[in-house]
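Below is one structure, written out as structure tokens, with a few remarks after it.
Chains as they are written, first to last, in the numbering used here: chain A, 19 to 400; chain B, 3 to 298; chain C, 37 to 303.
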């Protein structure tokens, strides 16, 4: 006789226990420390901070450890934690022009004041698996520091801007936008149409993979806007706050960020001379792929305000912003694992009824056919 | 137990019911607006909760906002108290709010539910909190938020009946069996969340307050007590609820929503009440003297 | 025939009054000051080359493009005068669902491609409260017959229809609520010549039988001649000539009209 299954609570507890054991892995292998993850898996840590919207490399490393390396799961942990933190105030805008540069390149000029500083990048490596890394060998040493300090690195786009060749950083909205308070998507619900500040916030937190695909689609012709990498810079900037009581800014620390300025095809119309347009990307740590993709998508989403035709997915504001958050996406996709047997039961009931009616109709039709046949037989016999 | 006592309990360093008071205030304002405009979707600044989006965060935020230390909470999923997610959510509130929890519908003051309305009729003073995945009933035909907002404002609901017409033309029946759209207070068309259409009539003139939370989509809406709620239909194809030929294997109920349970791989199946509390109450009434252990 | 005569005789007041409409994207691009009156049962053709502003004008008249200047006044069924851009958006949209119709050049823009012909026709009735499936279906079948589509196709989706049939379905979808004014944008564009002829025939009969007022935008003078009572010729946003169709086409005064007329073979 069927007995209803109970004991959901016990099952969950056992699942948690098994998860903890799996997370630790083989006991004989040394336990991964948070410090190791932070320093040796720094690019994963950077991604977790960027999408988690929280600058704390140690917490991000802890999240990666707890999540067994699943980046989206780690982002979830960081976001949920972020939510419990008290908020004091907004910082002053970061002055990326005064960044302590680690890496700075521009594809639009062969050379620029300050030079092309390659920094620690995978770009020129040959992607050959290095099996010597399987054994812990010597600790590699970086190059000797140069004798001359780095020259000042003025922003490439500012130089173009001085010639009037490119729109200002705030785009067409210019001075009006600079005065307006930016919104905050972590406090207020997003509504459409969204202003650029809101869009950029959503993109900064958005999933790197999704933005990469959207940015890629613009390059392949789905809303092509002829991008050039005007400048990409990675390094440390100071974070300043302006407490009312003091009346002057105070530095509260440094953070590592990566910033990308894309230069895109010129706009302009009958009342304005043609100029280059721009797209912008920003992320925590060294997150080049993310900020480049973000800049491409930012520019694509500006199609409406630049008077361009919007007919590709990357230009569709609602499409991009509704689907770029990987917490929303993974939550809803994985919710399909939750029990849906009541809804499914409803569908089963209807489908059975429809099938019954279908076969009844088919039977009646074939009956009529048979009867017709027999009638004509009778007639022919009569 | 008062609020201070509740907060001094070991709630793991979190505020009562996890959300900070500012957030609760913000959500309460949204709820008041929702109650004042029955069926209208109010946007709110939803927060990340420790459960994933899509797993009930909207319902949880509503519950966290309305629950107090003296409340008794019941949490069900698919009508059952012991499905994994219901347990997970109930534990969450037990830990962060220290409230009393129950599986008995009549004892609860706040009931959070996923995809069912309890069979036991609710009474005045109870709050039913629904978990909603997609709050927008027009989403199936219009993906754009800007357009659906306008359609609601102008009561342009022709497309809803187009869908029903199409079902009848194709299948001979209206083919929507859950998340069946309703008209609330003669104005807004609302998605009641993926409850089976079997449950729709329970929303009409319900003495309890019904609140709906969509965490991922960041919308809340409400049906105040004793509000008119009508399921959309045609005059010659009126709204009908599901019926079974069978009755519950355990309690014999012929008027409750039944789950189909496959018992062997030869197609053997039985039907049992989806609402576990309703079923248990009926069984206890029928055989009050029987030992607890032998009751399934 | 009777109907049209009656309405023309009753009409002392215009159905539509257009005053000083201006909508410019750039100098010479858009609509640069247009005035006219339209009477019940009258078909007004607006002709010109692409870029002349005729499509923008149609947008301004039908509520989809907000003009920079000017008024559009419509006299509704209750004999009330409505200032199109002074009433609420709700009322404007309601007008488009009931007393007005819009036939787009591409049937896809005016139909729901994912639902059946019957649903397409019934939608406007459902939007104004039609709640009886049987009656909606009957209306669907009747209108399919009116536009010469086999009623047994009522459950088929428009994607399975030919271009001409899609256009006729679009017309049926608009006429089901008995509108008094129809806006048409190149209704025969993109159709084969023989299909065009059939469609034009149908349109002409429907307009006469139902006493419809029509504002018809087209670049095709033959279509204009066949359907419209009066003609307006547009160039660079302005009306350069207007009058009775036959007069304008057979005896054009303005040099641009003369050029248009002469450049069409066999006109």
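Note that beta-carbon positions come from the ideal geometry of N, C-alpha and C, so glycine has one too.
Contacts of residue i in chain B (Cβ-Cβ under 9 Å)
i	result
residue 172 of chain C	163, 167 and 236
residue 210 of chain A	146, 147, 148 and 151
Within chain C, the residues that residue i reaches when beta carbons sit closer than 8 Å
i	result
residue 170 of chain B	169
Under 7 Å by beta carbon: chain A residues contacting residue i
i	result
residue 248 of chain B	Ordered by position in chain A, no residue passes the 7 Å Cβ test against residue 248 of chain B, which lies about 11 Å from the chain.
Contacts of residue i in chain B (Cβ-Cβ under 8 Å)
i	result
residue 30 of chain A	86, 89 and 90
residue 162 of chain C	160, 163, 164 and 167
residue 191 of chain C	171 and 172
residue 98 of chain A	50, 51 and 52
Residue-level contact to chain A via CB, residue i, 8 Å cutoff
i	result
residue 286 of chain B	no
residue 64 of chain B	no
residue 147 of chain B	yes
residue 52 of chain B	yes
residue 30 of chain B	no
residue 283 of chain B	no
residue 3 of chain B	Reliability fails at residue 3 of chain B, whose pLDDT of 40 lies under 50, so the model's placement of it is uncertain and no value is given.
residue 179 of chain B	yes
Contact list for residue i against chain A, beta-carbon separation under 8 Å
i	result
residue 47 of chain B	204, 205, 206 and 207
residue 97 of chain B	Here the premise fails: no neighbours, minimum Cβ distance about 14 Å.
C-beta neighbour in chain B for residue i, strict 8 Å
i	result
residue 352 of chain A	yes
residue 259 of chain C	no
residue 154 of chain C	yes
residue 361 of chain A	yes
residue 37 of chain A	no
residue 158 of chain C	yes
residue 329 of chain A	no
residue 26 of chain A	yes
7 Å CB neighbourhood of residue i in its chain, flanking five on each side removed
i	result
residue 96 of chain B	103
residue 13 of chain C	The shown model of chain C, from 37 to 303, leaves out residue 13 of chain C, and the question about it has no answer.
residue 19 of chain B	66, 69, 95, 98 and 99
residue 89 of chain A	62, 65 and 66
From the options, residue whose alpha carbon lies closest to that of residue i
i	options	result
residue 201 of chain B	B:34, B:224, B:40 and B:276	B:276
residue 242 of chain B	B:269, B:177 and B:24	B:177
residue 228 of chain A	A:148, A:170, A:253 and A:343	A:343
residue 176 of chain A	A:281, A:77, A:269 and A:204	A:281
residue 363 of chain A	B:286, B:272 and B:127	B:272
residue 63 of chain B	B:247, B:288, B:230 and B:222	B:222
residue 124 of chain A	A:75, A:163, A:73 and A:133	A:133
residue 296 of chain A	A:290, A:307, A:312 and A:308	A:312
residue 237 of chain B	C:289, C:298, C:202 and C:168	C:168
Short CB-CB distance (under 8 Å) between residue i and chain C
i	result
residue 140 of chain B	no
residue 20 of chain B	no
residue 42 of chain B	no
Chain-ordered neighbours of residue i on chain A, where CB pairs are closer than 9 Å
i	result
residue 115 of chain B	Near residue 115 of chain B there are no residues of chain A at all, since even the closest Cβ is about 11 Å away, more than 9 Å.
residue 26 of chain B	Under the 9 Å cutoff, chain A gives no residues; its nearest Cβ is about 13 Å from residue 26 of chain B.
residue 173 of chain B	368, 372 and 375
residue 276 of chain B	359, 360 and 363
residue 259 of chain B	360, 363 and 364
Same chain only: Cβ atoms within 6 Å of residue i, ignoring 5 sequence neighbours per side
i	result
residue 114 of chain B	61, 65, 77 and 131
residue 107 of chain B	120, 122 and 279
residue 207 of chain B	228
Residues near residue i by beta carbon distance below 8 Å, same chain, minus five either side
i	result
residue 398 of chain A	Reliability of the predicted coordinates at residue 398 of chain A is poor, the pLDDT of 44 falling under 50, and the value obtained from them is presented with this limitation in mind. So no residue of the chain qualifies.
residue 169 of chain A	131, 132 and 133
Contact list for residue i against chain B, beta-carbon separation under 7 Å
i	result
residue 79 of chain C	Within 7 Å Cβ-Cβ: nothing; residue 79 of chain C doesn't reach chain B, min ~29 Å.
residue 277 of chain A	Correct list: empty, because the minimum Cβ distance to chain B is about 26 Å.
Residue i: CB within 7 Å of a non-hydrogen atom of the ligand FMN
i	result
residue 119 of chain B	Ligands in the displayed structure: none, and consequently the ligand FMN is not present.
Kindly confirm or deny that the region 282 to 294 of chain C and the region 257 to 269 of chain C touch, where touching means at least three C-beta pairs closer than 8 Å.
These segments touch.
Under 8 Å: do the region 56 to 64 of chain B and the region 77 to 96 of chain A share three or more Cβ pairs, one atom per stretch?
Output reads no: the region 77 to 96 of chain A does not touch the region 56 to 64 of chain B.
With a cut-off of 8 Å, do at least 3 Cβ pairs link the region 298 to 308 of chain A to the region 64 to 73 of chain A?
In short, these stretches touch, since the Cβ pair count reaches three.
Is it a yes or a no for the region 47 to 63 of chain C touching the region 228 to 241 of chain C, going by three-plus beta-carbon pairs under 8 Å?
No, the region 47 to 63 of chain C is not in contact with the region 228 to 241 of chain C.
Stretch-stretch touch, CB-based, cutoff 8 Å, three pairs: the region 201 to 218 of chain B with the region 150 to 167 of chain B:
Short answer: they don't touch.
So does the region 26 to 35 of chain A actually touch the region 45 to 55 of chain A, counting three or more Cβ pairs closer than 8 Å?
No: fewer than three Cβ pairs fall under 8 Å.
Pairing CB atoms from the region 108 to 127 of chain C with CB atoms from the region 146 to 156 of chain C, are three or more of them under 8 Å?
Too few Cβ pairs lie closer than 8 Å, so no.
Do the region 105 to 114 of chain C and the region 171 to 189 of chain C touch if we need at least three Cβ pairs shorter than 8 Å?
Fewer than three pairs of CB atoms, one per stretch, sit closer than 8 Å, so the region 105 to 114 of chain C makes no contact with the region 171 to 189 of chain C.
I want to know whether the region 269 to 280 of chain A touches the region 241 to 259 of chain A - three or more CB-CB distances under 8 Å.
By the criterion of at least three beta-carbon pairs nearer than 8 Å, the region 269 to 280 of chain A is in contact with the region 241 to 259 of chain A.
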